[in-house]
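Visitor:
Residue numbers (UniProt numbering): 1 to 175.
(1) Say whether the region 88-100 touches the region 47-59, bearing in mind that this needs 3 or more beta-carbon pairs closer than 8 Å, one atom from each stretch.
(2) Return the chain-ordered list of same chain residues with a C-beta closer than 7 Å to the C-beta of residue 83, the five sequence neighbours on each side being excluded.
(3) Helix, strand or coil for residue 20 per DSSP?
(4) Over the uninterrupted alpha helix (DSSP H) stretch that includes residue 96, give me the two end residues.
(5) Specify, as a first and last residue, the run of the alpha helix (DSSP H) that residue 67 falls within.
(6) Per DSSP, which residues does residue 59 bridge with? Please list them.
(7) I need the straight-line Cα distance from residue 15 to residue 42, nearest angstrom please.
(8) Among 29, 115, 106 and 77, which has the Cα closest to the Cα of residue 69?
(9) Any idea if residue 98 is buried or exposed, counting beta-carbon neighbours within 10 angstroms, 16 or more meaning buried?
(10) Are residue 72 and residue 110 close, meaning C-beta to C-beta below 9 Å?
(11) Ignore the nearest five residues each way along the sequence and tell me which others in residue 76's own chain have a CB closer than 8 Å to its CB.
(12) Leaving aside the five residues before and after residue 113 along the sequence, list all residues of the same chain whose C-beta is less than 8 Å from its C-beta, in chain order.
(13) Less than 8 Å between the CB atoms is what I'm expecting for residue 214 and residue 19, so what's the real figure, rounded?
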(Lines of atoms letter the chains of each structure in order from A and count residues from 1; the text may use other names and numbers.)
(Lines give C-alpha, C1' and ligand atoms only; values in the text may rest on other atoms or scores of the structure.)
Protein backbone atom coordinates (compact mmCIF):
# COMPACT_ATOMS: atom_id res chain seq x y z
CA UNK A 1 0.00 0.00 0.00
CA UNK A 2 1.05 3.61 -0.30
CA UNK A 3 0.79 6.40 2.21
CA UNK A 4 1.41 9.96 1.04
CA UNK A 5 2.92 8.58 -2.14
CA UNK A 6 5.48 6.38 -0.39
CA UNK A 7 5.08 2.59 -0.81
CA UNK A 8 4.94 0.48 2.37
CA UNK A 9 5.01 -3.24 3.14
CA UNK A 10 4.05 -4.99 6.39
CA UNK A 11 7.71 -4.77 7.46
CA UNK A 12 8.14 -1.04 6.76
CA UNK A 13 9.00 1.13 3.79
CA UNK A 14 9.27 -0.70 0.51
CA UNK A 15 12.18 -0.10 -1.83
CA UNK A 16 11.26 2.69 -4.19
CA UNK A 17 11.44 1.75 -7.84
CA UNK A 18 12.18 5.10 -9.40
CA UNK A 19 12.29 3.77 -12.93
CA UNK A 20 8.65 2.66 -12.64
CA UNK A 21 7.78 6.31 -12.07
CA UNK A 22 10.22 7.83 -14.57
CA UNK A 23 10.13 5.53 -17.59
CA UNK A 24 6.44 6.01 -18.56
CA UNK A 25 6.79 9.78 -18.24
CA UNK A 26 9.97 9.75 -20.31
CA UNK A 27 8.23 7.68 -23.00
CA UNK A 28 5.30 10.11 -23.12
CA UNK A 29 7.74 13.00 -23.33
CA UNK A 30 9.59 11.27 -26.17
CA UNK A 31 6.39 10.79 -28.18
CA UNK A 32 5.15 14.35 -27.57
CA UNK A 33 5.58 16.75 -30.51
CA UNK A 34 8.06 19.00 -28.70
CA UNK A 35 11.37 20.57 -29.60
CA UNK A 36 14.45 19.15 -27.84
CA UNK A 37 14.84 22.27 -25.68
CA UNK A 38 11.22 21.96 -24.55
CA UNK A 39 11.77 18.31 -23.59
CA UNK A 40 14.87 19.28 -21.64
CA UNK A 41 12.98 22.04 -19.82
CA UNK A 42 10.09 19.70 -18.98
CA UNK A 43 12.51 17.06 -17.70
CA UNK A 44 14.44 19.52 -15.50
CA UNK A 45 11.49 21.48 -14.15
CA UNK A 46 8.64 18.96 -13.97
CA UNK A 47 9.59 15.28 -14.30
CA UNK A 48 12.60 15.06 -12.01
CA UNK A 49 11.17 17.32 -9.27
CA UNK A 50 8.14 15.03 -9.30
CA UNK A 51 10.39 12.20 -8.08
CA UNK A 52 11.97 14.23 -5.27
CA UNK A 53 9.17 13.31 -2.86
CA UNK A 54 9.98 9.61 -3.29
CA UNK A 55 13.70 10.29 -2.95
CA UNK A 56 13.29 12.23 0.28
CA UNK A 57 10.83 9.90 1.99
CA UNK A 58 11.24 6.54 0.27
CA UNK A 59 13.89 3.86 0.52
CA UNK A 60 15.76 4.18 -2.76
CA UNK A 61 19.01 2.30 -3.20
CA UNK A 62 22.08 3.89 -4.72
CA UNK A 63 22.09 1.32 -7.52
CA UNK A 64 18.52 2.23 -8.48
CA UNK A 65 19.45 5.92 -8.43
CA UNK A 66 22.48 5.26 -10.63
CA UNK A 67 20.31 3.24 -13.03
CA UNK A 68 17.74 6.06 -13.14
CA UNK A 69 20.52 8.54 -13.93
CA UNK A 70 21.73 6.29 -16.74
CA UNK A 71 18.23 6.02 -18.21
CA UNK A 72 17.70 9.78 -18.02
CA UNK A 73 21.04 10.35 -19.76
CA UNK A 74 20.12 7.89 -22.52
CA UNK A 75 16.84 9.71 -23.17
CA UNK A 76 18.67 13.04 -23.20
CA UNK A 77 21.18 11.63 -25.66
CA UNK A 78 18.33 10.51 -27.91
CA UNK A 79 16.40 13.80 -27.69
CA UNK A 80 19.38 16.09 -28.24
CA UNK A 81 21.23 13.84 -30.72
CA UNK A 82 24.32 13.79 -28.51
CA UNK A 83 27.17 11.37 -29.24
CA UNK A 84 27.58 8.30 -27.05
CA UNK A 85 30.90 9.54 -25.68
CA UNK A 86 29.45 12.78 -24.26
CA UNK A 87 31.08 13.34 -20.85
CA UNK A 88 28.78 12.68 -17.90
CA UNK A 89 29.52 16.04 -16.19
CA UNK A 90 28.08 17.82 -19.24
CA UNK A 91 24.60 16.58 -18.31
CA UNK A 92 24.83 17.69 -14.69
CA UNK A 93 26.83 20.92 -14.99
CA UNK A 94 24.96 24.19 -14.52
CA UNK A 95 23.73 26.00 -17.59
CA UNK A 96 25.96 28.95 -16.66
CA UNK A 97 28.94 26.55 -16.77
CA UNK A 98 27.98 25.30 -20.24
CA UNK A 99 26.12 22.14 -19.21
CA UNK A 100 22.52 21.00 -19.46
CA UNK A 101 21.64 21.62 -15.80
CA UNK A 102 19.90 18.29 -15.24
CA UNK A 103 19.91 17.29 -11.56
CA UNK A 104 21.79 14.10 -10.73
CA UNK A 105 19.30 11.82 -8.97
CA UNK A 106 21.96 9.98 -6.99
CA UNK A 107 23.24 13.10 -5.27
CA UNK A 108 19.84 14.79 -5.14
CA UNK A 109 18.43 11.81 -3.26
CA UNK A 110 21.19 11.98 -0.67
CA UNK A 111 20.85 15.75 -0.38
CA UNK A 112 17.08 15.58 0.09
CA UNK A 113 17.37 12.93 2.80
CA UNK A 114 19.98 14.91 4.68
CA UNK A 115 17.88 18.07 4.43
CA UNK A 116 14.92 16.15 5.79
CA UNK A 117 17.01 14.95 8.72
CA UNK A 118 18.20 18.47 9.29
CA UNK A 119 14.66 19.79 9.47
CA UNK A 120 14.03 17.71 12.59
CA UNK A 121 14.80 19.26 15.94
CA UNK A 122 18.42 19.33 17.04
CA UNK A 123 17.87 16.68 19.72
CA UNK A 124 16.16 14.27 17.37
CA UNK A 125 18.87 14.71 14.75
CA UNK A 126 21.62 14.06 17.29
CA UNK A 127 19.77 10.99 18.50
CA UNK A 128 19.45 9.57 14.99
CA UNK A 129 23.05 10.32 14.07
CA UNK A 130 24.42 8.95 17.35
CA UNK A 131 23.11 5.51 16.38
CA UNK A 132 24.62 5.85 12.92
CA UNK A 133 28.14 4.57 12.34
CA UNK A 134 28.66 6.89 9.38
CA UNK A 135 30.58 9.93 10.65
CA UNK A 136 30.97 11.36 7.14
CA UNK A 137 27.19 11.68 6.89
CA UNK A 138 27.18 13.79 10.06
CA UNK A 139 30.03 15.99 8.80
CA UNK A 140 28.31 16.45 5.44
CA UNK A 141 25.04 17.29 7.18
CA UNK A 142 26.61 19.92 9.43
CA UNK A 143 28.65 21.65 6.72
CA UNK A 144 25.93 21.87 4.07
CA UNK A 145 23.32 24.55 3.55
CA UNK A 146 19.67 24.10 2.58
CA UNK A 147 19.55 24.92 -1.13
CA UNK A 148 18.25 23.58 -4.39
CA UNK A 149 19.72 20.08 -4.82
CA UNK A 150 20.52 20.63 -8.47
CA UNK A 151 22.40 23.83 -7.77
CA UNK A 152 24.63 22.42 -5.07
CA UNK A 153 25.25 19.04 -6.59
CA UNK A 154 26.42 20.34 -9.92
CA UNK A 155 29.25 22.38 -8.36
CA UNK A 156 30.63 19.45 -6.37
CA UNK A 157 30.14 17.13 -9.31
CA UNK A 158 32.13 19.45 -11.56
CA UNK A 159 34.96 19.68 -9.04
CA UNK A 160 35.07 15.90 -8.58
CA UNK A 161 35.10 15.18 -12.30
CA UNK A 162 37.70 17.87 -13.02
CA UNK A 163 40.02 16.35 -10.44
CA UNK A 164 39.65 12.93 -12.10
CA UNK A 165 40.50 14.36 -15.52
CA UNK A 166 43.41 16.41 -14.21
CA UNK A 167 44.76 13.36 -12.39
CA UNK A 168 44.65 11.18 -15.49
CA UNK A 169 46.24 13.93 -17.61
CA UNK A 170 49.08 14.43 -15.13
CA UNK A 171 49.78 10.66 -15.07
CA UNK A 172 49.95 10.60 -18.89
CA UNK A 173 52.30 13.58 -19.03
CA UNK A 174 54.80 12.02 -16.64
CA UNK A 175 54.84 8.53 -18.18
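We put the beta carbon where it would ideally sit given N, CA and C, even for glycine.
Guide: So, from the data block:
(1) Using a Cβ-Cβ distance cut-off of 8 Å, the region 88-100 and the region 47-59 are not in contact, since fewer than three pairs of beta carbons, one from each stretch, lie closer than that value.
(2) Taking the first residue of the chain shown as 1, we reach residue 83 at position 83. Within the same chain, no residue comes within 7 Å of residue 83 by CB-CB distance, once the 5 residues on both sides are set aside.
(3) In the chain shown, the residue the question calls residue 20 occupies position 20. Here residue 20 sits in helix by DSSP.
(4) The residue given as residue 96 occupies position 96 in the chain shown. Counting along the chain, residue 96 falls outside any alpha helix (DSSP H), and DSSP gives it neither H nor E.
(5) Taking the first residue of the chain shown as position 1, residue 67 is located at position 67. Element bounds for residue 67: 62-80.
(6) Walking along the chain shown from the start, residue 59 turns up at place 59. Its beta-bridge partners are 15.
(7) Mapped onto the chain shown, residue 15 falls at position 15. Mapped onto the chain shown, residue 42 falls at position 42. Roughly 26 Å between the two C-alpha positions.
(8) Residue numbering aside, residue 69 sits at position 69 when the chain shown is read from its first letter. The option with the nearest alpha carbon to residue 69 is 106.
(9) Against the chain shown, residue 98 aligns to sequence position 98. Of the residues assessed, residue 98 falls on the exposed side of the cut-off, its CB having fewer than 16 other CB atoms within 10 angstroms.
(10) The sequence position of residue 72 within the chain shown is 72, counting from 1. The sequence position of residue 110 within the chain shown is 110, counting from 1. The Cβ atoms of residue 72 and residue 110 lie no closer than 9 Å to each other.
(11) Stepping through the chain shown from its first residue, residue 76 is reached at position 76. Only 40, 43, 82, 91, 100 and 102 meet the Cβ criterion.
(12) On the chain shown, residue 113 is found 113 positions in, with the first residue counted as 1. For residue 113, the CB contacts under 8 Å within the same chain, skipping 5 residues up- and downstream, are 55 and 56 in chain order.
(13) Since the first residue of the chain shown is 1 and the last is 175, residue 214 is not available in this structure.
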